[in-house]
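Asks: One structure, as structure tokens, below. Some questions next.
2 protein chains.
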Amino acid sequence: MLLSSDSSEASRPFLAWQRILDWAREHYRYRVFNKDERVPTRAGLLYLVHRGVIRLVGTAQINVSTMTSVSQLSHQVTEEAFLGFVAAGQPFEIVAQSPFTLEAYSHMDQTSVIWLYWQDLDNWPHVRREVLDAFRYQHQRKLLWLSTLGQRRTIDRLLGFITLLIEEFGEPTSEGYRLPFPLTHAQIGSAIGSTRVTITRLMGKLRQQGLIGIQEDHLIYLPIKPDLVTIDAVENPVSVEPG
Amino acid sequence: MLLSSDSSEASRPFLAWQRILDWAREHYRYRVFNKDERVPTRAGLLYLVHRGVIRLVGTAQINVSTMTSVSQLSHQVTEEAFLGFVAAGQPFEIVAQSPFTLEAYSHMDQTSVIWLYWQDLDNWPHVRREVLDAFRYQHQRKLLWLSTLGQRRTIDRLLGFITLLIEEFGEPTSEGYRLPFPLTHAQIGSAIGSTRVTITRLMGKLRQQGLIGIQEDHLIYLPIKPDLVTIDAVENPVSVEPG
Numbered sequence: 731m732l733l734s735s736d737s738s739e740a741s742r743p744f745l746a747w748q749r750i751l752d753w754a755r756e757h758y759r760y761r762v763f764n765k766d767e768r769v770p771t772r773a774g775l776l777y778l779v780h781r782g783v784i785r786l787v788g789t790a791q792i793n794v795s796t797m798t799s800v801s802q803l804s805h806q807v808t809e810e811a812f813l814g815f816v817a818a819g820q821p822f823e824i825v826a827q828s829p830f831t832l833e834a835y836s837h838m839d840q841t842s843v844i845w846l847y848w849q850d851l852d853n854w855p856h857v858r859r860e861v862l863d864a865f866r867y868q869h870q871r872k873l874l875w876l877s878t879l880g881q882r883r884t885i886d887r888l889l890g891f892i893t894l895l896i897e898e899f900g901e902p903t904s905e906g907y908r909l910p911f912p913l914t915h916a917q918i919g920s921a922i923g924s925t926r927v928t929i930t931r932l933m934g935k936l937r938q939q940g941l942i943g944i945q946e947d948h949l950i951y952l953p954i955k956p957d958l959v960t961i962d963a964v965e966n967p968v969s970v971e972p973g
Numbered sequence: 731m732l733l734s735s736d737s738s739e740a741s742r743p744f745l746a747w748q749r750i751l752d753w754a755r756e757h758y759r760y761r762v763f764n765k766d767e768r769v770p771t772r773a774g775l776l777y778l779v780h781r782g783v784i785r786l787v788g789t790a791q792i793n794v795s796t797m798t799s800v801s802q803l804s805h806q807v808t809e810e811a812f813l814g815f816v817a818a819g820q821p822f823e824i825v826a827q828s829p830f831t832l833e834a835y836s837h838m839d840q841t842s843v844i845w846l847y848w849q850d851l852d853n854w855p856h857v858r859r860e861v862l863d864a865f866r867y868q869h870q871r872k873l874l875w876l877s878t879l880g881q882r883r884t885i886d887r888l889l890g891f892i893t894l895l896i897e898e899f900g901e902p903t904s905e906g907y908r909l910p911f912p913l914t915h916a917q918i919g920s921a922i923g924s925t926r927v928t929i930t931r932l933m934g935k936l937r938q939q940g941l942i943g944i945q946e947d948h949l950i951y952l953p954i955k956p957d958l959v960t961i962d963a964v965e966n967p968v969s970v971e972p973g
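Those protein sequences? They're chains A and B, same order as listed. When the letters of the first sequence are read in order and numbered with our numbering, they come out as residues 731 to 973. When the letters of the second sequence are read in order and numbered with our numbering, they come out as residues 731 to 973.
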């Protein structure tokens with residue numbers, strides 16, 4: 731975790747982050763967002779999540795119907811895909827656009843974001859390196875995500891998707907590893923190329939088979955099975971060599 | 731393109747790359763691979779494609795059948811997913827592993843690869859920055875890829891997938907922008923969660939509608955439609971700010 735809101739931490743990297751935080755507040759580069767509020771982004775800027783969690787979303791600009799103009803109605807249909815979370819302490823940027831639009835939304839109330847130009851990091855080379863390593867890590871995670879989306883059966887994609895999210899963001903509870911952010915069935919469906927209705931059905935099936943569980947607050951968890959969740963990967967996600 | 735095999739180029743960055751190439755050959759960190767040969771990789775090492783093209787593949791370690799042991803047979807079934815190309819001049823690394831295995835294969839004969847430790851780049855800070863920016867770019871491309879895989883209809887995912895690959899790797903021909911690397915229908919299916927048979931059927935449909943074309947050598951192209959392919963994005967893929 732790059733930025734920490736826990737001020738008891740006193741390691742040297744943290745000092746750099748504290749300075750960035752102070753600097754961002756002084757220069758009005760710090761903003762707090764409500765749940766589901768869109769974070770305005772611009773290519774060339776770098777964003778750091780200070781508190782809460784960001785949801786990345788992609789919107790398809792093209793599909794076969796709009797391109798062949800088979801239906802007038804289909805022009806109004808846009809498909810949004812859930813592309814992942816960026817948790818507190820992690821950076822994100824939105825550069826690529828065509829033929830899909832990438833956007834960032836605050837996934838929870840009180841999500842706060844710092845933004846800066848890349849050259850602003852010239853003063854904090856250590857942080858710059860951490861940011862770039864975080865992007866390397868995120869890139870590797872997306873390759874795993876693509877691996878599960880290549881699976882043919884929707885239920886396999888669903889279980890792979892949940893497992894990957896919990897491996898990356900999961901926190902231990904008495905019942906197992908829990909994804910600490912809520913996700914609707916529609917959002918899950920939008921990530922794995924399926925529908926809300928199908929996700930609801932398949933989630934029931936996975937629960938029945940004991941492969942996932944749902945807590946009272948609707949949070950998803952993986953029941954403790956040491957051979958399934960790699961503890962090491964959960965506790966030390968950035969296994970990339972610092973170089 | 732980071733590494734160039736065109737020695738007539740004499741810009742300063744190129745000199746750094748030429749030195750890395752010389753260094754890699756001297757230190758036996760250079761190897762040529764045949765088509766479909768696996769490139770042995772290790773976490774913590776960085777790989778640079780000098781010639782040819784690398785195919786990244788993910789293999790699912792888990793699926794619902796193996797985890798519930800419904801079928802003994804399913805233990806032998808592994809699903810491989812095509813995760814993308816790494817073209818000449820681009821870096822790659824394989825770090826993340828669980829619960830999917832990531833692997834790199836030579837996609838064409840005479841594909842050559844350099845490998846080095848990250849600290850080897852301490853001598854070439856300019857190259858280090860280019861490599862990290864290339865990973866930022868690849869990460870953005872994967873977000874777009876995930877956007878199309880969230881689309882519900884297979885034909886939309888197929889068209890989005892082809893469009894993204896050609897936007898990134900396409901080269902102009904008289905007929906349109908062409909993906910210069912061959913891809914089997916099975917490989918395409920493995921990327922978008924479908925089967926070879928379905929891909930063959932849907933490719934026919936897309937051809938019929940004039941949305942894609944197939945050249946004599948089986949290479950896929952997008953017929954020229956200025957409003958579809960963003961020329962700028964094809965010719966200058968790294969639109970990320972150099973910082």
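Using N, Cα and C, we set each Cβ at its ideal position, and we do this for glycine too. Since the model is a prediction, treat every value here as computed from it, not as a measurement.
Please compile the residues from chain A whose C-beta is within a distance smaller than 7 Å of the C-beta of I885 of chain B.
Replies: Result: V794.
Asks: Give, in chain order, every residue of the region 814-840 of chain A whose Cβ lies closer than 9 Å to some Cβ of chain B.
Replies: Listed by position, the residues of the region 814-840 of chain A near chain B (Cβ gap below 9 Å) are G814, E823, I824, V825, A826, Q827, S828, P829, F830, T831, L832.
Asks: Answer with yes or no whether the minimum CB distance from Q881 of chain A to chain B is below 7 Å.
Replies: Interface residue, yes.
Asks: When the distance is taken between beta carbons, is L846 of chain A closer than 7 Å to L745 of chain A?
Replies: Contact flag unset, no.
Asks: Taking C-beta pairs closer than 7 Å, name the residues in chain B that W875 of chain A reaches, listed in chain order.
Replies: In chain order: L876.
Asks: Check whether the Cβ of H856 of chain A lies closer than 7 Å to any Cβ atom in chain B.
Replies: With 7 Å as the cut-off, H856 of chain A does not count as an interface residue toward chain B.
Asks: Find the nearest neighbour of D947 of chain B within the set B:L913, B:S920, B:A921, judged by alpha-carbon distance.
Replies: Taking only the C-alpha atoms, the option nearest D947 of chain B is B:L913.
Asks: Based on DSSP bridge pairs, tell me the residues matched to F763 of chain A.
Replies: Partner(s): A:T841.
Asks: I want to see whether chain A comes within less than 7 Å of T914 of chain B, judged by CB atoms only; does it?
Replies: Chain A, which has no Cβ nearer than 7 Å to the Cβ of T914 of chain B, makes this no.
Asks: Consider the Cβ of L862 of chain B: report whether some Cβ of chain A lies at a distance smaller than 7 Å.
Replies: Yes, L862 of chain B counts as interfacial toward chain A.
Asks: Can you grab the Cα-Cα spacing for the pair A754 of chain A / T831 of chain B, in whole Å?
Replies: Using only the alpha carbons, I get a separation of about 40 Å.
Asks: Spell out the partners DSSP gives G880 of chain B in its beta bridges.
Replies: Answer is none; G880 of chain B lacks a bridge partner.
Asks: In whole angstroms, what is the alpha-carbon distance linking I986 of chain A and D752 of chain B?
Replies: In the structure as shown, chain A begins at 731 and stops at 973. Residue 986 of chain A is therefore absent and cannot be evaluated.
Asks: Taking C-beta to C-beta, are A826 of chain A and L874 of chain B nearer than 7 Å?
Replies: Yes; because the gap between Cβ atoms is below 7 Å, this pair is in contact.
Asks: Note down, in chain order, all residues in the region 917-929 of chain A with a beta-carbon under 9 Å from any beta-carbon belonging to chain E.
Replies: Reference to chain E is not applicable here, since the protein chains of this structure are A and B.
Asks: Going by CA-CA distance only, name the one from A:R871, A:F911, A:E901, A:T884 that's closest to L894 of chain A.
Replies: For L894 of chain A, the nearest C-alpha among the options comes from A:R871.
Asks: Roughly how many angstroms lie between the CA atoms of R937 of chain B and R781 of chain B, to the nearest whole one?
Replies: Between R937 of chain B and R781 of chain B, the C-alpha separation is close to 31 Å.
Asks: Helix, strand or coil for Y867 of chain A, going by three-state DSSP, please let me know.
Replies: Note: Y867 of chain A maps to helix in three-state DSSP.
Asks: State the start and end residues of the unbroken beta strand (DSSP E) segment that holds T928 of chain B.
Replies: Segment 926-938 is the alpha helix (DSSP H) holding T928 of chain B; no beta strand (DSSP E) there.
Asks: Compare the C-alpha of Q939 of chain A against each of B:Y760, B:R926, B:N764, B:S795 and name the closest.
Replies: The candidate whose alpha carbon is nearest that of Q939 of chain A is B:S795.
Asks: Using a C-beta to C-beta distance shorter than 8 Å, which residues of chain A count as neighbours of Q748 of chain B?
Replies: Under the 8 Å cutoff, chain A gives no residues; its nearest Cβ is about 22 Å from Q748 of chain B.
Asks: Which residues bound the alpha helix (DSSP H) around G919 of chain B?
Replies: Its alpha helix (DSSP H) spans residues 915-922.
Asks: Please report the distance separating the alpha-carbon of R858 of chain A from that of S842 of chain A.
Replies: Using only the alpha carbons, I get a separation of about 20 Å.
Asks: Keeping to the same chain, check which residues put their C-beta closer than 8 Å to that of Q881 of chain B; ignore five residues upstream and five downstream.
Replies: Within the same chain, Q881 of chain B has close Cβ partners R887, G890.
Asks: With DSSP run on the structure shown, which of helix, strand or coil describes W854 of chain A?
Replies: If DSSP states are grouped into helix, strand and coil, W854 of chain A belongs with coil.
Asks: Cutting at 6 Å between CB atoms, please list the residues of its own chain near T789 of chain B, excluding the five before and the five after it.
Replies: If we look at T789 of chain B and ignore the five residues flanking it on each side, its Cβ neighbours are T808, E810, T831.
Asks: Residues of the region 883-908 of chain A with a CB closer than 9 Å to any CB of chain B: list them in chain order, please.
Replies: Listed in sequence order: R883, T884, I885, D886, R887, L888, L889, G890, T893, L894, E897.
Asks: Can you tell me whether DSSP reads L949 of chain A as helix, strand or coil?
Replies: Three-state result, L949 of chain A: coil.
Asks: For F812 of chain B, write down the residues that DSSP places opposite it in a beta bridge.
Replies: BP columns for F812 of chain B point to B:V787.
Asks: Can you find a CB in chain B that lies within less than 7 Å of the CB of R937 of chain A?
Replies: Chain B, which has no Cβ nearer than 7 Å to the Cβ of R937 of chain A, makes this no.
Asks: Spatial neighbours of R772 of chain A within its chain, please: C-beta separation below 7 Å, excluding the five flanking residues on both sides.
Replies: Cβ within range, chain order: n/a, list empty.
Asks: Tell me the rounded alpha-carbon separation between I954 of chain B and G906 of chain B.
Replies: Approximately 4 Å between the Cα atoms of the pair.
Asks: Exposed or buried, which one is L869 of chain A when buried takes at least 16 other CB atoms within 10 Å?
Replies: The sequence given here places His at residue 869 of chain A; Leu does not occur at that position. Counting Cβ neighbours within 10 Å, H869 of chain A comes out buried, since at least 16 surround it.
Asks: Buried or exposed, going by whether 16 or more other CB atoms sit within 10 Å of the CB of H856 of chain B?
Replies: H856 of chain B should be labelled exposed.
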